[in-house]
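First comes the structure, then the notes that go with it.
There are 2 protein chains.
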Amino acid sequence: MSEQRIQIVQNILSANDAIAEQNRQLLQKARLFSINLMASPGAGKTSLIEQTVKKLAQDYRILVIDGDIATTFDADRAIAAGAAAIQINTGGDCHLDAVMLNKALIQADLSQYDLLIVENVGNLVCPASFELGTARNVLVASVPEGHDKPHKYPSMYRGVHYVLLNKIDLLPYVDFDIDFFRKGLEALNPAVELVLVSCRSGEGLDNWLQWLRNKIGEFRAS
Amino acid sequence: MSEQRIQIVQNILSANDAIAEQNRQLLQKARLFSINLMASPGAGKTSLIEQTVKKLAQDYRILVIDGDIATTFDADRAIAAGAAAIQINTGGDCHLDAVMLNKALIQADLSQYDLLIVENVGNLVCPASFELGTARNVLVASVPEGHDKPHKYPSMYRGVHYVLLNKIDLLPYVDFDIDFFRKGLEALNPAVELVLVSCRSGEGLDNWLQWLRNKIGEFRAS
Numbered sequence: 396m397s398e399q400r401i402q403i404v405q406n407i408l409s410a411n412d413a414i415a416e417q418n419r420q421l422l423q424k425a426r427l428f429s430i431n432l433m434a435s436p437g438a439g440k441t442s443l444i445e446q447t448v449k450k451l452a453q454d455y456r457i458l459v460i461d462g463d464i465a466t467t468f469d470a471d472r473a474i475a476a477g478a479a480a481i482q483i484n485t486g487g488d489c490h491l492d493a494v495m496l497n498k499a500l501i502q503a504d505l506s507q508y509d510l511l512i513v514e515n516v517g518n519l520v521c522p523a524s525f526e527l528g529t530a531r532n533v534l535v536a537s538v539p540e541g542h543d544k545p546h547k548y549p550s551m552y553r554g555v556h557y558v559l560l561n562k563i564d565l566l567p568y569v570d571f572d573i574d575f576f577r578k579g580l581e582a583l584n585p586a587v588e589l590v591l592v593s594c595r596s597g598e599g600l601d602n603w604l605q606w607l608r609n610k611i612g613e614f615r616a617s
Numbered sequence: 396m397s398e399q400r401i402q403i404v405q406n407i408l409s410a411n412d413a414i415a416e417q418n419r420q421l422l423q424k425a426r427l428f429s430i431n432l433m434a435s436p437g438a439g440k441t442s443l444i445e446q447t448v449k450k451l452a453q454d455y456r457i458l459v460i461d462g463d464i465a466t467t468f469d470a471d472r473a474i475a476a477g478a479a480a481i482q483i484n485t486g487g488d489c490h491l492d493a494v495m496l497n498k499a500l501i502q503a504d505l506s507q508y509d510l511l512i513v514e515n516v517g518n519l520v521c522p523a524s525f526e527l528g529t530a531r532n533v534l535v536a537s538v539p540e541g542h543d544k545p546h547k548y549p550s551m552y553r554g555v556h557y558v559l560l561n562k563i564d565l566l567p568y569v570d571f572d573i574d575f576f577r578k579g580l581e582a583l584n585p586a587v588e589l590v591l592v593s594c595r596s597g598e599g600l601d602n603w604l605q606w607l608r609n610k611i612g613e614f615r616a617s
């Protein structure tokens, strides 16, 4: 029974990876830089998207694809900030997969955009196992979650290229040891980039916005 | 292909429910009141367990079974607070299931305890789909996660008996509309009990502790 179950999971992952590769080619062909934005529920993915779109929308055309179990709250917020948005309701699934993203990608004119932000379902476990085909995996961590999270969710922290530690405006009010967090992260993922930000106050976001500008430029020129 | 996949999921759930029923009978036989404690990563499950054990350990013998993808951090904290603890490392799985709990239950002398707290993996999606056989499902929500979470994670909010909204000490520093949260919760789950607490300051915990005392007493007498 357990052997059969393992076999099935492997098949699903292989199918996912094949479609992720198709997504990668679609995005490459359109020279569209893309990120898979992951986080716990409430870490601040949507707030980060709002801030990012507000700051970049005058220079870049941005498409947001929002994955949620239910509601269109997040897509509504992305549109209000100035992006185009497509909502995927997973109907219970705990993560986006490459097939869901593919269905969204083929209904958009990708050549119209400079930046694609895919907002995954709020979950620090399952999204890490499903490659989408985006250029970079980005994680929003947040101060109130606690400094032990890299140790406790190693698959997620190991598989990302860029980490934003959000809600640093709450540091005075909670017990959070930045060094402990940073060491836990670097032990798993020495090459990762880490920035400290507050989507509420705007602090630290310039580093993130410059990184996006650089990547969009590199991707266009590639 | 998709039909086959749905069939398999049903089989796994049925097997889980059968073992959950065995767990329920084991716990009933030992007259051991038990809760399945669920939350997002970092909402405060372990802090709640620490506070609960410190306050109740002089009157009750408490067993904590901790589910984590990796580390024994949470079990260590439960033991330091005064409970007995068993750690389950899921090795990547995003939730506990009834089989994992069963393996832990059969290695303990359940008649030695008055209260069992099962701390699930930090995840607001998947644990809701796997009944463990505990007497009550309890959710720790937290203020920094945002007031929209009942709308966005309906399966979790619909399936619990008791919700603690934690980190109310942070209400002055974040945008959180308690009425919006409460209405979202009540629309899904009219019978649920909701208390507002701060595991940091201790505020509101008396309601929770009294509920546990009542349930432990009722369960013993049943």
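Protein chains in written order, with this note's numbering: chain L, 396 to 617; chain W, 396 to 617.
C-beta: ideal position from N, C-alpha, C; glycine also.
None of these values were measured; they are calculated from a predicted model.
- For L:VAL513, the pairing in a beta bridge is given by DSSP as L:ASN431 and L:ILE460.
- Residue contact check for W:LEU565 against chain L: a CB pair falls below 9 Å.
- Within chain W, the residues whose beta carbon sits less than 8 Å from that of L:THR466 are ASP543, HIS546 and LYS547, listed in sequence order.
- The segment 492 to 509 of chain W makes no contact with the segment 532 to 548 of chain W: fewer than 3 CB pairs, one atom from each, lie closer than 8 Å.
- Under the three-state reduction of DSSP, W:ASN418 is assigned to helix.
- Residue-level contact check: L:ASP463 touches chain W, since one or more beta carbons of chain W fall below 9 Å from its beta carbon.
- Taking a beta-carbon distance threshold of 9 Å, W:GLU540 counts as an interface residue toward chain L.
- DSSP lists W:VAL533 and W:GLU588 as the bridge partner or partners of W:TYR557.
- Among the residues facing chain W, L:ARG595 is included, as its CB has a counterpart in that chain under 9 Å away.
- Of the residues assessed, L:GLY437 falls on the buried side of the cut-off, its CB having 16 or more other CB atoms within 10 angstroms.
- The continuous alpha helix (DSSP H) containing L:ALA493 extends over residues 493 to 500.
- Under the Cβ distance rule, L:LEU519 counts among the residues neighbouring chain W, one pair being separated by less than 9 Å.
- The beta carbon of L:MET551 sits closer than 6 Å to those of LEU519 and ALA523, all from its chain and outside the five residues before and after it, given in chain order.
- With a threshold of 16 other beta carbon atoms within 10 Å, W:LYS424 falls short and is exposed.
- Listed along chain L are VAL520, each with a C-beta nearer than 8 Å to that of W:VAL516.
- Against chain L, the beta carbon of W:LYS562 has neighbours under 7 Å at PRO539, listed in chain order.
- The contact set of L:TYR568 on chain W, defined by CB atoms closer than 8 Å, consists of ASP564, LEU565 and TYR568 in chain order.
- Across the segment 430 to 459 of chain L, CB contacts with chain W closer than 7 Å involve SER435, PRO436 and GLY437, in sequence order along the chain.
- For the pair W:LYS449 and L:GLU613, the Cα-to-Cα distance works out to about 55 Å.
- Residue environment for L:GLU445: buried (at least 16 other C-beta atoms within 10 angstroms of its C-beta).
- Contact annotation: the segment 549 to 567 of chain L touches the segment 577 to 591 of chain L, with at least three C-beta pairs closer than 8 Å.
- Within its own chain, the residues whose Cβ lies closer than 7 Å to the Cβ of W:ASN515, once the five positions on either side in sequence are excluded, are ASN431, LEU432, MET433, GLY462, HIS490, LEU491 and PRO522, listed in chain order.
- Against chain L, the beta carbon of W:SER550 has neighbours under 7 Å at GLY487, listed in chain order.
- Shortest Cα-Cα distance from L:ASN584 to any of L:GLN605, L:TRP603, L:GLY599 and L:VAL558 involves L:VAL558.
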